[in-house]
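J.: This is the structure, below, for whatever I ask next.
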Amino acid sequence: MAFKDEIIDVHGSKIQLLSDGSGEPLLYLHSAGGEVAWLPFFEMLSRDFKVYLPAHPGFSKSGGLDKIDTVHDLVLHYTDLMDALGLKNALVAGLSLGGWIAAELAVHHPERIRKLVLMGAVGLYWKGAPPMPDIFAASGPQTRDIVFFDPKSELAMAVIPDNPTAEQLEAALKAREATARVGWNPYLYDPRLLERLYRITMPTLLIWGDSDRLVSLEYGKAYQKGIKGSRLMTIEKCGHAPPMERPEPTAKAVRDFFKQ
Amino acid sequence: MQCHLFHLMPYPYLPPDFDDMKKYPTSWVTFSNKHYDPVKGVDLYNRYLDELEWAEELGFDGVCVNEHHQNAYGTMPAPNIMAAALTRRTKRVKILVLGNGLPLRDHPLRVAEEIAMLDVMSGGRIVSGFVRGVGVEYFSMGLNPTYSRERFAEAHDLIIKAWTEPGPFDFEGKHYRVRYVNVWPRPLQKPHPPIWIPSFGSRDTGVWCAHPSRKYAFLSTYLPDKTVKALFDTCFETARQHNYELSPYQLGRLMPMYVAETDEQARREGNQHIAWLFHRGLRYIYEMLFPPGYLAPAAALFMAKSYHEVDWTKLSVDQMNEAGYCMVGSVETVKRRLAKSMKEMGWGILMPLLQIGDMPADRTRKNMKLFATEVLPYLRSEFDNLHPVTAKSA
Chain U
57 MAFKDEIIDV HGSKIQLLSD GSGEPLLYLH SAGGEVAWLP FFEMLSRDFK
107 VYLPAHPGFS KSGGLDKIDT VHDLVLHYTD LMDALGLKNA LVAGLSLGGW
157 IAAELAVHHP ERIRKLVLMG AVGLYWKGAP PMPDIFAASG PQTRDIVFFD
207 PKSELAMAVI PDNPTAEQLE AALKAREATA RVGWNPYLYD PRLLERLYRI
257 TMPTLLIWGD SDRLVSLEYG KAYQKGIKGS RLMTIEKCGH APPMERPEPT
307 AKAVRDFFKQ
Chain H
194 MQCHLFHLMP YPYLPPDFDD MKKYPTSWVT FSNKHYDPVK GVDLYNRYLD
244 ELEWAEELGF DGVCVNEHHQ NAYGTMPAPN IMAAALTRRT KRVKILVLGN
294 GLPLRDHPLR VAEEIAMLDV MSGGRIVSGF VRGVGVEYFS MGLNPTYSRE
344 RFAEAHDLII KAWTEPGPFD FEGKHYRVRY VNVWPRPLQK PHPPIWIPSF
394 GSRDTGVWCA HPSRKYAFLS TYLPDKTVKA LFDTCFETAR QHNYELSPYQ
444 LGRLMPMYVA ETDEQARREG NQHIAWLFHR GLRYIYEMLF PPGYLAPAAA
494 LFMAKSYHEV DWTKLSVDQM NEAGYCMVGS VETVKRRLAK SMKEMGWGIL
544 MPLLQIGDMP ADRTRKNMKL FATEVLPYLR SEFDNLHPVT AKSA
């Protein structure tokens, strides 16, 4: 394991940051699940990019949730974090909650993002789409059913185990609280985001699992409609978390798009 | 000692297959209100209010109402409305609103106003309970539970200030900002109605209540003897650390109780209703009972590890009776157990829940009468010299 796992200071907030690789900087914004671990997906991308994987405030070993009330506070946090890393701009990819933050960052600070990838992004309220299931009311097994194409897979059982260790339990409770802080009500969306998507002008790729039961493909289509010139691609036999459930085709799609 | 009749005003008419846990995983929030029949509700509300009013005649010191939302367990989402009805139909008893869920309200000044109104209407008979609401209620109201603790603290400060400092004044908080705080009417009791805090077992809440700047009564609800003892010891210890002696009127116990002629008869008549309360009325979905951020991080972790120990659905009524979650027995048994608990744990406020779950009116009255005529006078004779009620503790 060559990746670096450190705590950095972002304007007084202690932030956990994983990083590895070399090349153009790629900032990955994680989901509500809090995948702050050097997964195969990151390993694959780190062959071509300098991958940065920070834990959002309140997730994993990051502090700073006391400075966060809305998704817009997270946007400012990420401009601060990019400043702290000396990044004028970066390739940005976000999954689910992280996709929402990435989309907001693109709306408010388009100059900080060279290319954008949104995967299973929440953030929109879309009348044409089925309502998202309530993840805050869901049990572990119910969450596996919502998130994974194959909820009985080894991967699903490892990500959301039936008998978590104390450490896993603590991380899950922190992730749940930090997600609820910005996503309880309105439920994982910003009522103004849809009408502001026209401000996203950098090349944008949307990646959706073809069987996403949390954020259905309809939301991907809504993003595509709102972001001029964006492309929507689906990953076969995949649920809400393409980087975890289908790391190879997902990493390839992200790589090809960022390299092209 | 003080004794206040507790009531939940449950809705007992559940579907016949309600024990199908797959079909009905909870009696809260998602249990459809199509199961509530308002025509039956007319009789229920009037019957329950009659029971509370009768408590005055039977010699109770007070009657308790409380706030719960979207459930069959207790149909009093607006407890101040029930308290208002009681101000006009009772003359002597305290009316305890246990309580208003401060963070659940859009504005705490509504609580300050309503409690002040009730205090004036009742001639100073109000005890004001403050609660955060059960975790599930953050789903009912769409309120962000990660702010529950700080909203409670801020709402508390605003209400106390609104009751005790002349208005108008400016309040600038994180959650509540008011340029003109100037509550009319002001409460009758000085400095304000007594504040009591019901708790599901939080040690932090006990410490907070016992702080000398507050001295709020700390009320344990549905907790077994072992837990109550530990919590109350914490309150005594806190008082000692601040160099004062905790009064028994800073500690109360809320318990479902059924008294009958013999232990066996009490079990035969009472157990089924206590089972309704714990196994149906208090049937929760764990993730909804503890929404994100509702508990402080350490408490949330502790609860996640130990919840199976407090999962009522897995305990029989006899087990719960033995552990002290509730009390079922003959007059002699109940007298003995209560006196022992009060002596050993040092508490002075008893809040018996005597209408329990689907208990019908006649059985409720039998329970109330037996308790009030046989158990209560004994407790008063044993404890009134030991714990004289002072003006301060109301």
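Same order as they appear, the protein sequences are chains U and H.
Going by the working numbering, the first sequence opens with residue 57, and the numbers climb by one from there.
Going by the working numbering, the second sequence opens with residue 194, and the numbers climb by one from there.
Using N, Cα and C, we set each Cβ at its ideal position, and we do this for glycine too.
(1) Could you tell me if H:E260 is buried or exposed, where buried requires 16 or more neighbouring beta carbons within 10 angstroms of its beta carbon?
(2) Using a Cβ-Cβ distance under 8 Å, would U:L229 count as near chain H?
(3) Any heavy atom of the ligand ATP closer than 7 Å to the Cβ of H:V371?
(4) Could you spell out the range, first to last residue, of the beta strand (DSSP E) harbouring H:S523?
(5) At the 8 Å Cβ level, is U:S330 part of the contact set with chain H, yes or no?
(6) At least one CB of chain H closer than 8 Å to the CB of U:N241: is that the case?
(7) What's the C-alpha gap between U:Y181 and H:C402?
(8) Hey, how far is the Cα of H:L201 from the Cα of U:Y108?
(9) Could you name the residues of the same chain whose beta carbon sits closer than 6 Å to that of U:D104, not counting the 5 residues immediately before and after it, in chain order?
(10) Under a three-way DSSP split, which group does H:L569 fall into?
(11) So, does the CB of H:I467 fall closer than 8 Å to a CB anywhere in chain U?
(12) So is H:P338 in contact with chain U if we call contact Cβ pairs under 8 Å?
(13) Do we get a CB-CB distance below 8 Å when we pair U:E226 with the residues of chain H?
(14) Under 7 Å between beta-carbons, which chain H residues line up against U:F115? List them in chain order, please.
(15) Could you tell me the distance, in whole angstroms, from the CA atom of U:P220 to the CA atom of U:G120?
(16) Here's a check: name, in chain order, each residue in its chain whose Cβ is nearer than 7 Å to the Cβ of H:F332, leaving out the five neighbours to either side.
(17) When DSSP labels each residue in this structure, what does U:Q72 get in the three-state scheme?
(18) Return yes when the Cβ of H:G252 is within less than 8 Å of the Cβ of H:L569, no when it is not.
(19) Is it a yes or a no for the region 510-523 of chain H touching the region 255-263 of chain U, going by three-plus beta-carbon pairs under 8 Å?
(20) Among residues of its own chain, excluding the 5 on either side of H:D312, which ones have a beta-carbon nearer than 7 Å to its beta-carbon?
(21) Verify whether the separation of the beta carbon atoms of H:A355 and H:L302 is less than 8 Å.
(22) Can you check whether the C-beta of H:S586 is within less than 8 Å of a C-beta belonging to chain U?
(23) For a quick check, are the C-beta atoms of H:E454 and H:R556 less than 8 Å apart?
(24) Quick one: any contact between the region 230-250 of chain U and the region 297-304 of chain U, if contact means 3 or more CB pairs under 8 Å?
(25) In three-state DSSP terms, what is H:G326?
(26) Would you call the region 411-424 of chain H in contact with the region 443-452 of chain H, where contact means no fewer than 3 C-beta pairs closer than 8 Å?
(27) Just list the beta strand (DSSP E) runs in the region 272-340 of chain H, keeping only unbroken ones of 3 residues or longer that don't cross its boundaries, in chain order.
(28) Please tell me whether H:E454 has its Cβ less than 8 Å away from any Cβ of chain U.
(29) Using CA atoms only, rank isn't needed, just tell me which of H:K507, H:M314, H:R573, H:K562 is closest to H:M535.
(30) Going by beta carbon distance, what residues of the same chain come within less than 6 Å of H:L351, once the five residues before and after it are set aside?
(31) Do you know how far the Cα of H:C257 is from the Cα of H:A587?
(32) Give the range of the alpha helix (DSSP H) segment to which H:K422 is assigned.
(33) When the Cα atoms are used, what is the spatial distance from U:D65 to U:D139?
(34) Taking C-beta pairs closer than 8 Å, name the residues in chain H that U:A236 reaches, listed in chain order.
(35) Is DSSP giving U:V148 helix, strand or coil here?
(36) Is H:G539 near H:S341, with beta carbons less than 8 Å apart?
T.: Looking at the coordinates:
(1) When all chains shown are included, H:E260 counts as buried.
(2) With respect to chain H, the C-beta atom of U:L229 has a partner C-beta closer than 8 Å.
(3) The ligand ATP is not part of this structure, which contains no ligands at all.
(4) Run containing H:S523: 520-523, per the beta strand (DSSP E) assignment.
(5) Nothing in the structure corresponds to residue 330 of chain U, since chain U is present only between 57 and 316.
(6) Cβ-Cβ to chain H under 8 Å: yes for U:N241.
(7) If you take the alpha carbons of U:Y181 and H:C402, they lie about 43 Å apart.
(8) A straight-line Cα-Cα distance of about 54 Å links H:L201 and U:Y108.
(9) Closer than 6 Å at the Cβ level, and outside the excluded window around U:D104, lie G79, R311.
(10) H:L569 falls in the helix class under three-state DSSP.
(11) Closer than 8 Å: no.
(12) Yes, H:P338 counts as interfacial toward chain U.
(13) Closer than 8 Å to some Cβ of chain H, the Cβ of U:E226 qualifies, so yes.
(14) Within 7 Å Cβ-Cβ: nothing; U:F115 doesn't reach chain H, min ~12 Å.
(15) In this structure, the alpha-carbon of U:P220 lies about 25 Å from that of U:G120.
(16) The residues are V222, M481, P484.
(17) Under the three-state reduction of DSSP output, U:Q72 falls in the strand class.
(18) Yes, the Cβ-Cβ distance between H:L569 and H:G252 is below 8 Å.
(19) No: the two stretches stay apart, fewer than three of their Cβ pairs being nearer than 8 Å.
(20) I319, P380, L381, Q382, P386.
(21) Yes; because the gap between Cβ atoms is below 8 Å, this pair is in contact.
(22) In this predicted model, H:S586 has a pLDDT of only 48, less than 50, meaning its place in the structure is not dependable enough to derive any value.
(23) Note that the C-beta distance between H:E454 and H:R556 is not below 8 Å.
(24) No, because fewer than three Cβ pairs between the region 230-250 of chain U and the region 297-304 of chain U fall closer than 8 Å, the two stretches do not touch.
(25) In this structure, DSSP gives H:G326 a state outside helix and strand, which the three-state scheme calls coil.
(26) With contact defined as three or more Cβ pairs closer than 8 Å, the region 411-424 of chain H and the region 443-452 of chain H are in contact.
(27) For the region 272-340 of chain H, the continuous beta strand (DSSP E) assignments of 3+ residues that do not extend past its boundaries occur at 287-294, 319-324, in sequence order.
(28) It does not: the Cβ of H:E454 has no partner Cβ on chain U nearer than 8 Å.
(29) Comparing Cα positions, the closest option is H:R573.
(30) Excluding positions up to five away in sequence, the list reads P301, F364, Y369.
(31) Note that H:A587 has pLDDT 46, beneath the 50 cutoff, so the model's placement of it is unreliable and the number below is only indicative. The straight-line gap from Cα to Cα measures roughly 15 Å.
(32) Note, H:K422: alpha helix (DSSP H), 418-434.
(33) Cα-Cα distance, rounded: 11 Å.
(34) Near U:A236 (Cβ distances below 8 Å), the residues of chain H are N337, P338, T339, P484, P485, G486.
(35) Correct three-state label for U:V148: strand.
(36) No.
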